[in-house]
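*Asks:*
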Amino acid sequence: MAMLISVRICILHVLFLSYLSCHGIGRGVVALGINYGQVGNNLPPPEKVLALLSSLQVTKARIYDTNPNVLSTFANSSVDLVVTVENNMLARLADPQEALRWVGTHITPYLPATRISGIAVGNEVLTDPDQSLACNLVPAMRSIHGALVQLGLDSYIHVSTPNSLAVLAESYPPSAGVFKAAVYGVMSQFLEFLSTTRSPFWINAYPYYAYKDDPANVSLDYVLFNPNPGTVDPYTNLKYDNMLYAQVDAVIFAIARMGYGGIEVRVSETGWPSKGDADELGATIENAEIYNKNLMSRQLGNQGTPLRPNQRLDVFVFALFNEDMKPGPTSERNYGLFQPDGTMAYNVGISGSSSAATSSITSLATKVITRTEEFWSLIYWMFVFLLSSNFN
Ligand SMILES: *[C@@H]1O[C@H](CO)[C@@H](O)[C@H](O)[C@H]1NC(C)=O
Ligand SMILES: *[C@@H]1O[C@H](CO)[C@@H](O)[C@H](O)[C@H]1NC(C)=O
-5 MAMLISVRIC
5 ILHVLFLSYL
15 SCHGIGRGVV
25 ALGINYGQVG
35 NNLPPPEKVL
45 ALLSSLQVTK
55 ARIYDTNPNV
65 LSTFANSSVD
75 LVVTVENNML
85 ARLADPQEAL
95 RWVGTHITPY
105 LPATRISGIA
115 VGNEVLTDPD
125 QSLACNLVPA
135 MRSIHGALVQ
145 LGLDSYIHVS
155 TPNSLAVLAE
165 SYPPSAGVFK
175 AAVYGVMSQF
185 LEFLSTTRSP
195 FWINAYPYYA
205 YKDDPANVSL
215 DYVLFNPNPG
225 TVDPYTNLKY
235 DNMLYAQVDA
245 VIFAIARMGY
255 GGIEVRVSET
265 GWPSKGDADE
275 LGATIENAEI
285 YNKNLMSRQL
295 GNQGTPLRPN
305 QRLDVFVFAL
315 FNEDMKPGPT
325 SERNYGLFQP
335 DGTMAYNVGI
345 SGSSSAATSS
355 ITSLATKVIT
365 RTEEFWSLIY
375 WMFVFLLSSN
385 FN
């Protein structure tokens, strides 16, 4: 009997070790994504930006256009780029010939040296005040994808569009997630496109707005990923300890309600402003630092949402720099992790000077990994204990 137990323990041990190796425990670098917006008159040139991203070990970035200067500077670097088709181009690119010409001018000349991995067709088109944009969205996506197929590039570059969370009519509890009736028509064509091309749904999600709009009812710790009692979805029984994951799961449910089950949801933008106007409650350096630091440690731990715990949630933080030329309230110009001169806007555990960055990001990663390891070690010993007690 004792031998049987020890054989079982041995099998468990092997399973445990293979879990560790499959999940990259011990591997220091995890893909961090960041939005590289350029609405500023004081931003550093792309060479400096590339050096900054490399020093931070950031390997995924999104730009809001197809700036040739950025695309050529990022050649032969380790950064994957998502580029954007500007909203005002959608009508023209609905024509397949125009789309083929656009890909030939803005994409193919930079391949393969520049790693372009995605094309965002417009930004927040479905909730744009200009409603004429929406009817061109899916035709433009189909044309661009068709051009990529024709050029043999479709398996390297996916096509999608970032949506605002305002496409949802309901987002709480997550299982009640449903799209607004006004976007149903285009949304169903859009989901059909994503499903047939196996592309991700991108959502721009800012728990900050929920807090700012209703600070009396929304817990700051819940939106900042701080320890808090959390909430339980009464229909799924899933527990949420932060709002971002609840918002993502609400999107997954809304997609499922329209009949599409297997589409991956990724966060194309999330962030927290470090400064705001008097009426922008919560927009402080302290909160921005906590939000981004907590988000990053969850990213380094490869977390998924409660609904899809085994699928790492892909997140692009907004944004790399404070952008002084953005219109709107003060918060809009203060989402950056960095000041335009490359110094940190606040400390999220990654820093701009190359040697410090490497060590601090690695130590952050190590901390997360140690916690995960301890957790699985605990689970492992619980199994061992249960197994042994079975035979007694
Ligand atoms: C990238 O590397 C390739 C191969 O080493 C080289 O031929 C090419 O000129 C490089 N491109 C740029 C823009 O540096
Ligand atoms: C939100 O907070 C206000 C003020 O505390 C309260 O009167 C109201 O009932 C709350 N609303 C919800 C939906 O909880």
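Heads up, the sequence shown is in this note's numbering, so the first residue is -5 and it goes up one at a time.
Don't be surprised by glycine CBs; every beta carbon is placed ideally from N, CA and C.
1) In this structure, how does DSSP classify Gly112 when only helix, strand and coil are distinguished?
2) If you check the beta carbons only, do Val309 and Leu294 fall under 8 Å apart?
3) I'd like to know whether the C-beta atoms of Val311 and Thr264 end up nearer to each other than 8 Å.
4) For Ser48, which option in Ser72, Asn35, Ala25 has the closest C-alpha, if you only look at C-alpha atoms?
5) Which residues in the same chain have their Cβ closer than 8 Å to the Cβ of Val180, if we skip the five residues on either side of it in sequence?
6) Quick check on the DSSP output: the beta strand (DSSP E) that includes Arg260 runs from which residue to which?
7) Quick one: is the Cβ of Ser48 within less than 7 Å of any heavy atom of ligand 1?
8) Would you list, in sequence order, the uninterrupted alpha helix (DSSP H) runs of no fewer than 4 residues that lie entirely inside the segment 146 to 233?
9) Using only CA atoms, which one of Leu26, Lys42, Ser111, Ser126 lies nearest to Met441?
10) Could you name the residues of the same chain whose beta carbon sits closer than 7 Å to that of Asn36, not counting the 5 residues immediately before and after it, in chain order?
11) Expressed to the nearest angstrom, what Euclidean distance is found between the alpha-carbon atoms of Asn117 and Tyr329?
12) Note down, in chain order, each residue of its chain lying with its Cβ closer than 6 Å to the Cβ of Trp196, except the 5 sequence neighbours on either side.
13) Using the three-state DSSP reduction, which class does Arg251 fall into: helix, strand or coil?
14) Around ligand 3, which residues pass a check of Cβ closer than 7 Å to any of its heavy atoms?
15) Taking Ala199 and Ser268 to be in contact with their CB atoms under 8 Å, please state how far apart those CB atoms are, rounded to whole angstroms.
16) Measure the alpha-carbon distance for Trp96 versus Ala244 and round it to whole angstroms.
17) To the nearest whole angstrom, what separates the beta carbons of Phe247 and Gly31, a pair I think is in contact under 8 Å?
18) Would the segment 171 to 190 and the segment 208 to 222 be scored as touching if the rule is three or more Cβ pairs under 8 Å?
19) Using only alpha-carbon positions, find the residue among Asn236, Leu218, Asn220 that is nearest to Val226.
20) According to DSSP, is Gly27 helix, strand or coil?
21) Classify Lys54 as helix, strand or coil using the three-state DSSP reduction.
22) So, at 7 Å on beta carbons, what are the nonlocal neighbours of Ala25 in its own chain, with the 5 sequence-adjacent residues on each side left out?
23) Please identify the residue among His152, Asn281, Leu87, Val242 whose C-alpha is closest to the C-alpha of Ser137.
24) Since Asn341 and Glu283 are thought to touch, with beta carbons under 8 Å apart, how far apart are those beta carbons, to the nearest angstrom?
25) Just curious, the alpha helix (DSSP H) that Thr99 is in, first and last residue?
26) If you reduce the DSSP assignment to three classes, tell me which class Glu74 lands in.
27) Going by Cα to Cα distance, which pick from Pro123, Ile28, Tyr166, Leu145 is closest to Pro103?
28) Which of the three DSSP states, helix, strand or coil, is assigned to Met319?
29) With distances taken between CB atoms, is the gap from Ile257 to Ser189 smaller than 8 Å?
30) To the nearest angstrom, how far is it from the Cα of Pro194 to the Cα of Gly298?
31) Within 10 Å of its beta-carbon, does Gln91 have 16 or more other beta-carbons around it, so buried, or fewer, so exposed?
*Replies:* In this structure, then:
1) strand
2) no
3) yes
4) Ser72
5) Leu120, Ala128, Cys129, Leu131, Val132
6) 259 to 264
7) no
8) 178 to 191, 201 to 207, 214 to 217
9) Coverage of the chain is limited to positions -5 through 386, which leaves residue 441 absent and any answer about it impossible.
10) Asp318, Pro334
11) 18 Å
12) Ser154, Pro156, Arg260, Ser262
13) helix
14) Ligand 3 is not part of this structure, which contains only ligand 1 and ligand 2.
15) With 8 Å as the limit, Ala199 and Ser268 do not qualify as a contact, their Cβ atoms being about 18 Å apart.
16) 35 Å
17) That pair is no contact at about 30 Å.
18) no
19) Asn236
20) strand
21) strand
22) Thr53, Lys54
23) Leu87
24) 6 Å
25) 90 to 100
26) Checking the sequence shown, residue 74 turns out to be Asp, not Glu. Looking at Asp74 - three-state DSSP - the assignment turns out to be strand.
27) Leu145
28) coil
29) yes
30) 15 Å
31) exposed
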